[in-house]
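Student: Heads up, the sequence shown is in this note's numbering, so the first residue is 1 and it goes up one at a time. The structure is given below, and queries will be raised subsequently.
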Amino acid sequence: MTESNPNQKLSCGTTPAVADKPVQRWSAVRKREVVLRLLRGESLEAVSREIGVEPYRLERWRERALAGLDASLKERQEGDPVQAGLDAAYKRVGELSMEVELLREKIARLEGGGSFPRARSRR
Numbered sequence: 001m002t003e004s005n006p007n008q009k010l011s012c013g014t015t016p017a018v019a020d021k022p023v024q025r026w027s028a029v030r031k032r033e034v035v036l037r038l039l040r041g042e043s044l045e046a047v048s049r050e051i052g053v054e055p056y057r058l059e060r061w062r063e064r065a066l067a068g069l070d071a072s073l074k075e076r077q078e079g080d081p082v083q084a085g086l087d088a089a090y091k092r093v094g095e096l097s098m099e100v101e102l103l104r105e106k107i108a109r110l111e112g113g114g115s116f117p118r119a120r121s122r123r
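Here's what the structure looks like:
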């Protein structure tokens, strides 16, 4: 069984400009370690040269990591009473919005002189 080399060159069927570039796959763990180095204050250019990844790509990794961090900190825990209250309030606002919409339609029909459709007999 052979191990794959992360710096393995592309083989036949590629253009010469692309064939000279090493193929690397960066796992989430490796990206996290690089981003942590950047967040600790290491120079973007130094890290870029050391690991052979373009600075714009490292900046993108850092931005995505910070966005994920922000999103995870905004989430509320299961069973949070504040979240339960917000959910109930959103539900009530939805119900009231529907009621207002139906009442506006009814008012428009009354003011327009249009008649309401007859109710069907329940017998």
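For every residue, glycine included, the Cβ atom is placed at its ideal position computed from N, Cα and C.
Counting pairs of Cβ atoms below 8 Å between the region 53-64 and the region 73-81, do you hit three or more?
Tutor: Verdict: no, contact absent.
Student: Specify the secondary structure class of aspartate 70 as computed by DSSP and reduced to three states.
Tutor: What you label residue 70 is simply residue 70 of the sequence shown in a count that begins at 1. Helix at aspartate 70.
Student: Whose C-alpha, out of Ser72, Leu69 and Val47, is nearest the C-alpha of glutamate 59?
Tutor: In the sequence shown, the residue the question calls residue 59 occupies position 59. Of the candidates Ser72, Leu69 and Val47, the one whose C-alpha sits nearest the C-alpha of glutamate 59 is Val47.
Student: Since I believe arginine 62 is in contact with leucine 38 (beta carbons under 8 Å), could you give me their beta-carbon distance rounded to a whole number of angstroms?
Tutor: By one-based count along the sequence shown, residue 38 stands at place 38. By one-based count along the sequence shown, residue 62 stands at place 62. Sure, about 5 Å apart at Cβ, within 8 Å.
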